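Before any comments, here is the structure.
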Amino acid sequence: MRKIVLHCLCLIGLTVFMIISENSLNPNTSLWDTDYEGRFHSKKILPGTVGSYKPSGLFRSSSLLNRKERRSLLSQNLSRKSQEKQLSCDMLLKLSRYVLVDTFGPSLAWNLFRFHNCDREVGQPKIRIRPLKVAQYKLKPFLLRRVLQLLGNMGVLSEAQQSKAFSLLKKQMLETRKIQRKPKVEQSGPCPEPAPHLASWRPGSDTRRAAVVGRGAALRLESSAAFHSLVIRDGGRLVFADRPHGPPITLRARYILIQDGGELHIGSERCPYGSRATISLFGRAAEGAAVEGFGQKFVGVGRGGVLELHGRRPRSWTLLDKTLHPGGLRHGPYSSERRWGSRGLNLRILDAGTARVLAAGRFDTHLLPSEGRRLRDFLALQEPGRVVAAAVGDSAARSLTLEARRLLRDRLGSRHIARLGYRQPWALVGILGGDPVSTVEDQREYRGTGTTGLAVAQRDFQTYDGIRFTVTAFSGWVKGVPHNGFKVEVSKGIILHLADEVTSWLPGDRIVIASTDYSMHQAEEFNLLPCTECKSNQVKIDGSPLYLHIGEVIDGIDMRAEVGLLTRNILIQGEMEDSCYGQNQCQFFSFDTFGGHIKIQRNFSSVHMSGVELKNMGQQILGSYPVHFHLAGDVDERGGYERPAYLDNLAIHHCFSRCVAIHGTHGLLVKDTIGYDTLGHCFFLEDGTEQRNTFYHNLGLLTRSGTILPSDRNEAMCLAIRSHVYGNYVPVPSTDCMAVSTFWIANPNNNLIENAAAGAQDVGIWYIFHRVPTGQSEGQYPEGQAEHTPLGVFSNNRVHSNFKAGLFIGKGVKTTRASAEDPREYLTVDNARFRPHQDADPEKPRVPAVIDGLIAFKNNDHGAWARGGDIIFRNSGFSDNGIGLTLASDGTFPTDDGSSLEVSRSIFVGESSNLGSRGGQNSYWGRGANGEYRTLPRNKTFPIRGFQIYDGPVRMAKCTFKKFTPTADRYSSAIGFFMKNSWQISPQNNVSQILMERSVGLKVFFGRSGQWFGNNNNDGDKMSIFHDLDGSVTGYQNTFVGRADNHLLRHPGCLTVPRWNGMICTGKFAQERKSLGEIHSLGSTFASTKSCEQTFLRVLQSESSCLCSHLLVSGSRPSLLAIPKPHPATFPAHFPQASLRQRALGSATCCSAHAASLFLPAKISGISLKS
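Numbering (the working numbering), first residue to last: 25 to 1195.
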């Protein structure tokens, strides 16, 4: 039966989850077939971190079939074994998913089937599907009947149409038995013949001409052309001719406008364009009039417009599958050149198997005869078979003895050393003790002119792992100055080993390799070379890499560098000036930023772009972006589009304002798209209303600061741009600005699946919350709705090489204009907290926001930060971040009462074996825990933490920690706390089932006074606490871990851990919120009790509020200190710190109208506590 099931799965073309080796996953794993939790526990690594980084075949394909062909293929394959109509549950689920994806789109299918599998029943979401629409799907009727039965059992079918749908299918099944279908006649060739009604068009070049393709015109552009402008309207149609062996076609214009039924086609979904086509937009800023609603230098799609651009669809990006070292060699390239000061014989000894230079020596055989003996001893220490490179510096002959000359002849195979003369240049590369025939040497005659030219010896070798490299030695005189030196470098190009097949990448194409270090500026570009020896997953690059690019899974974290293809055969570009000019923010940019842009407006007829390259696009002007869907509304079935709009396999690079801007638009699919070296937020949701958009398998890297919004700006821009602040307000860059992100997600109801944010000036993925809609979307939802909206799908995303954080969940934007009350600029970064609830209604149940499969490494500050309620991280990996993960709740007494945060089944690594490399704006370089030199986050003294607790309540379960070891320069702990914390911390914070590997040198750290921690004496610092439920951290079950000097927690049974600056205590503690009046009432009950063992009163004073915190520890007779205002409190006679008593009395009056927090023993008669 298993063979039958697997055979059927292959026939229907759906992907199956299979483990093909211990450390490798099937590259065609389906999005829905992955059992993340099972994989996490059955493997040593994270889900999706090994093997090919490919998404499901339902979403990615190198040769996409159209809908009709997919249906036909599916139907034919499933009917081959018509007698096997009883489908297995797994097969039926996969078939149902396929049908729903094609019928209703991936978002609905994902949201439905992530709740349902064959192993267990889970409460279904409130989704209703129209059965008649499913019944009309072109598939065998008996299969559709099974699909409808499954959906009916799941309770998601609209009841009104069920009977009609089943009747329709029954009728179709009866008709199918009567009709014998004729075999289809397949068309010859991959593409149909060109449409015969298209008229050939060769308009020539005239940049003053305003061309119009209007009613009744259907034209095939046969050659390059240039216009002032091109308008396609009133049913006019322009198609680029596809002549793969003809010259490329370039269309130049100041703008192209498509509207009112006009159509522009380059290729099609079924027949991607095979030639090379370029649309080139020209013009300077302020040169000519702007077109209303579109601006200047654009391709615009208005009402009724059709834009269909379909180039070849090569693999957009993949992962490096073998580490690429600087220079292409494991130990890096080697280069040494000397002039004066190197007289005599200079030698280098190399290992031929690794290309590593093992030893170096200089022997002054010109001046000292004894140097010959030292040369002999030096060579005697080297193993036979080593590579030897030799070069004369200045002169080496006068005292070079006969014995030494014979030694070099016999051991190195030199033919010229016996006759080496005064100041004669000589160079040699050979094998110590090897065949003299393999030795390469060269010499030049010395002449009195002082210039001899260089004697160059050069020979190729191959390392153990197949990398070809060249060793070069040279010697000579140039204008009376001696030169000598050595080089070790990769020869004949460097071959990259990639995770996926890349035969669609061609010689001459350009690629980018992402940084795998703290600096995004270590991303590097290369051209591809012809490579006959390359396998299907290999390419050869020109040039030599400057930095280390990881191609491995390290310590369970997939740190492989993304490798993206920047070249497509359809190119849309802006024509640029050589430098910045005019009013183009030249105080910040030395280059021209007035590029082209594509703008799509509401009520377009059809927009689909695939296999397109966009270069020099975007402008530092609001609304002018490389691709911009502007207030387009619903662009999927919900908006009446039978073929929902999408952007697929785009390469957007070297652009000047964002990558893809989605503004007031919903249901857009953006997949396999690269955004590289751009200004401002890259993948950008604008007003906070944008929902149901899906970002699938996109790559963004080298996201730089821009000027348009405060959140786009860096420090200098933030301080300089003040035209929209009130009065003389000076912005605070760290809080008002400095938030530029690769993915700027302004509404949580969007899907992010298998994306990579591989380097931004600030943040990789930022979920930001608009308390009310902003911009042109004002008034479209009530205040606070976005903060309560449930999170869409977040699965298997990667964030690394970002300066502030990989993932940030929290904060909002200022939604009011600058005023005297708040002088900050509109849309400045502001405060907000994420509290997801069903239907975005805070009165309904909470809906946990699940962050599944996040990989975060080499982010300078945070791997991830999340603030709010009911946010769950699982199956994630954090490595080499300043702080791996911080969970900050909605406050110890949250607005969303009862909410919490959690991380489970995840890995935390302090300092991995990804040592990084200097340069590329990496700021810090120092010693690691094992004495190795490595790049460091933030600062060489910055205290590294894996999991950081801020307030709570937070939970951590089933997590593993590795390689957190302090050094002489810095602390490094697995669990730490927010530094300089003035906020209270919940005793409900708890951990369980934690694995601390032996490489963890410091499990917990509460900080110490000094750099970074300040005086370490804020309220939150002193109240730091968590509950070790099972003893997996402390070794003692059901204990609390607090700071060592917390006398409120300490009792005689506590165990002090000096290295943690902490202690482990037994007991039960709880927390309750009380008004001050309730505290006074309780106080009168206990006022007469004088036997309290430990009592402490502190007053928290801040700019915004005053809170009283009372903490007591377990004792035989607990009591509460009363503060009957305005009378002074009565302290127990043995209270240990009189100064604190006076401080408390002096501050108590501020708390008369505020709430107070109580940390009390869990059992106090008459008081109901939440534990």
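Virtual Cβ for every residue (Gly too), placed ideally from N, Cα, C. Quick caveat, the model's predicted, so the values are computed rather than measured.
Taking all protein chains shown into account, do 16 or more other C-beta atoms lie within 10 angstroms of the C-beta of Arg1083, making it buried, or fewer, making it exposed? In the sequence shown, counting from the first residue as 1, residue 1083 sits at position 1059. The residue is exposed, with fewer than 16 neighbouring Cβ atoms inside 10 Å.
Quick test of the definition: if touching needs 3 or more C-beta pairs under 8 Å, does the region 658-677 touch the region 745-759? no
Quick check: Ile999 and Gly970, are their CB atoms within less than 8 Å of each other? Along the sequence shown, one-based indexing puts residue 999 at 975. Along the sequence shown, one-based indexing puts residue 970 at 946. Result yes, Cβ atoms of Ile999 and Gly970 sit closer than 8 Å.
Provide the residue span of the alpha helix (DSSP H) that contains Ala810, from first to last. In the sequence shown, residue 810 corresponds to position 786, counting from 1. Gln809 to His812 is the extent of the alpha helix (DSSP H) around Ala810.
Can the beta-carbon of Ala414 be found closer than 8 Å to that of Leu374? Here the question's residue 414 lines up with position 390 in the sequence shown. Here the question's residue 374 lines up with position 350 in the sequence shown. Not a contact, by the Cβ cut-off of 8 Å.
Using the beta-carbon count (16 or more within 10 Å), is Arg929 buried or exposed? Position 905 of the sequence shown, counted from the start, is the residue given in the question as residue 929. Under this definition Arg929 is a buried residue.
Just how far apart, CA to CA, sit Gly458 and Arg398? Here residue 458 corresponds to residue number 434 of the sequence shown, with the count starting at 1. Here residue 398 corresponds to residue number 374 of the sequence shown, with the count starting at 1. If you take the alpha carbons of Gly458 and Arg398, they lie about 21 Å apart.
CA-to-CA distance, Glu935 to Gly950, given in whole angstroms: Here residue 950 refers to the residue found at position 926 when the sequence shown is read from its first residue. Here residue 935 refers to the residue found at position 911 when the sequence shown is read from its first residue. Roughly 12 Å separates the two Cα atoms.
Reducing DSSP to helix, strand and coil, say where Gly663 ends up. Translated into the one-based positions of the sequence shown, residue 663 becomes position 639. Gly663: helix per DSSP, three-state reduction.
Extent of the continuous beta strand (DSSP E) to which Ala234 belongs: Position 210 of the sequence shown, counted from the first residue, corresponds to residue 234. If you look at Ala234, you'll find it in the beta strand (DSSP E) that goes Ser229 to Val237.
Are there 16 or more other CB atoms within 10 angstroms of the CB of Asn774, so buried, or fewer, so exposed? Your numbering for residue 774 matches position 750 in the sequence shown. Looking at its Cβ environment, which holds 16 or more other Cβ atoms inside 10 Å, Asn774 is buried.
Round the Cβ separation of Ile686 and Asn717 to the nearest angstrom and send it over; I've been treating them as touching at under 8 Å. The residue labelled residue 686 in the question sits at position 662 within the sequence shown. The residue labelled residue 717 in the question sits at position 693 within the sequence shown. Cβ-Cβ separation between Ile686 and Asn717: approximately 6 Å, consistent with a contact (criterion under 8 Å).
Arg534, enclosing beta strand (DSSP E) - first and last residue: The residue labelled residue 534 in the question sits at position 510 within the sequence shown. Arg534 to Ile537 is the span of the beta strand (DSSP E), which, as asked, contains Arg534.
At which residues does the beta strand (DSSP E) containing Arg429 begin and terminate? As a first step, residue 429 is located in the sequence shown; it is residue number 405 there, counting from the start. Per DSSP, Arg429 belongs to no beta strand (DSSP E); it is in the alpha helix (DSSP H), Leu426 to Leu436.
What did DSSP end up calling Asn135 once you bin it into helix, strand or coil? Position 111 of the sequence shown, counted from the first residue, corresponds to residue 135. Look at Asn135 here: in three-state DSSP terms it is helix.
Apply the 10 Å Cβ neighbour rule to Gln1166 and answer buried if 16 or more other Cβ atoms are within range, or exposed otherwise. As a position in the sequence shown, residue 1166 is number 1142, starting the count at 1. Residue placement at Gln1166 is flagged as unreliable, the pLDDT there being 36, under the threshold of 50; the coordinate-derived value follows with that caveat. The residue in question, Gln1166, is exposed, as its Cβ has fewer than 16 Cβ neighbours within 10 Å.
For Pro338 and Gly635, I'd like the C-alpha separation in whole angstroms. Start at 1 with the first residue of the sequence shown, and residue 338 comes out as number 314. Start at 1 with the first residue of the sequence shown, and residue 635 comes out as number 611. C-alpha separation (whole angstroms): 7 Å.
As a quick exercise: from Arg244, Ile624 and Arg239, pick the residue whose alpha carbon is nearest that of Pro227. Within the sequence shown, residue 227 is the residue found at index 203, counting from 1. Of the candidates Arg244, Ile624 and Arg239, Arg244 places its Cα closest to the Cα of Pro227.
To the nearest whole angstrom, what separates the beta carbons of Arg278 and Lys321, a pair I think is in contact under 8 Å? Reading the sequence shown from its first residue, position 254 is the one you call residue 278. Reading the sequence shown from its first residue, position 297 is the one you call residue 321. Rounded, the Cβ-Cβ distance is 6 Å, consistent with contact.
As an exercise, report each continuous alpha helix (DSSP H) stretch of at least 4 residues that is fully enclosed by the region 1018-1094, in chain order. 1043-1046
Taking only the alpha-carbon atoms, compute the straight-line gap between Gly1086 and Phe550 and give it to the nearest angstrom. For the purposes of this step, residue 1086 is identified with residue 1062 of the sequence shown, where counting begins at 1. For the purposes of this step, residue 550 is identified with residue 526 of the sequence shown, where counting begins at 1. The straight-line gap from Cα to Cα measures roughly 52 Å.
Helix, strand or coil for Gln1012, going by three-state DSSP, please let me know. Within the sequence shown, residue 1012 is the residue found at index 988, counting from 1. It is coil, neither helix nor strand.
Unbroken stretches of the alpha helix (DSSP H), 4 residues or longer, contained in the region 859-933: DSSP runs (the alpha helix (DSSP H)) wholly in the region 859-933: none.
With a CB to CB cut of under 8 Å and the five nearest residues on each side skipped, what residues in its chain are close to Asp258? Working through the sequence shown from its first residue, we reach residue 258 at position 234. Cβ within range, chain order: Gly238, Arg239, Asp284, Gly285 and Gly286.
Going by DSSP, name the residue or residues bridged to Pro506. In the sequence shown, the residue the question calls residue 506 occupies position 482. DSSP lists Trp501 as partners of Pro506.
Is there contact here, the region 519-535 with the region 754-770, by at least three beta-carbon pairs under 8 Å? Contact between the region 519-535 and the region 754-770 is absent: fewer than 3 CB-CB pairs across the two stretches fall below 8 Å.
Residue ranges of each beta strand (DSSP E) run of no fewer than 3 residues wholly in the region 635-690, ordered along the chain? 651-658, 670-677 and 684-690
Going by CA-CA distance only, name the one from Arg400, Phe387 and Val412 that's closest to Ala379. Your numbering for residue 379 matches position 355 in the sequence shown. Minimum Cα distance to Ala379 is reached at Val412.
Leu181 - partner residues in DSSP beta bridges: On the sequence shown, position 157 is the one that residue 181 refers to. Partner(s): Ile153.
Delimiting residues of the alpha helix (DSSP H) encompassing Glu739: Here residue 739 refers to the residue found at position 715 of the sequence shown. Note, Glu739: alpha helix (DSSP H), Glu739 to Ala744.
Excluding sequence positions up to five away, which residues of its chain have a Cβ less than 6 Å from the Cβ of Tyr77? Locating residue 77 in the sequence shown gives position 53, where the first residue counts as 1. Note that Tyr77 scores 39 on pLDDT, short of 50, meaning its location in the model is unreliable and no value can be drawn from it.
Who does Met600 pair with in a DSSP beta bridge? Numbered from its first residue, the sequence shown carries residue 600 at position 576. For Met600, no pairing in a beta bridge is given by DSSP.
Determine whether the beta carbon atoms of Lys828 and Asp854 lie at a separation below 8 Å. Within the sequence shown, residue 828 is the residue found at index 804, counting from 1. Within the sequence shown, residue 854 is the residue found at index 830, counting from 1. Not closer than 8 Å, so no.
Alpha carbon of Ala842 to alpha carbon of Leu733, nearest angstrom: Here residue 842 is taken as the residue at index 818 of the sequence shown, counted from 1. Here residue 733 is taken as the residue at index 709 of the sequence shown, counted from 1. Cα atoms of Ala842 and Leu733: separation of roughly 14 Å, rounded to the nearest angstrom.
If we count the other Cβ atoms within 10 Å of its Cβ and call it buried at 16 or more, is Ile574 buried or exposed? Translated into the one-based positions of the sequence shown, residue 574 becomes position 550. By the 10 Å Cβ count, Ile574 comes out buried.
Would you decide whether Val15 is buried or exposed? Buried here means 16 or more other CB atoms lie within 10 Å of its CB. It is not possible to answer for residue 15, since the shown part of the chain is limited to 25 through 1195.
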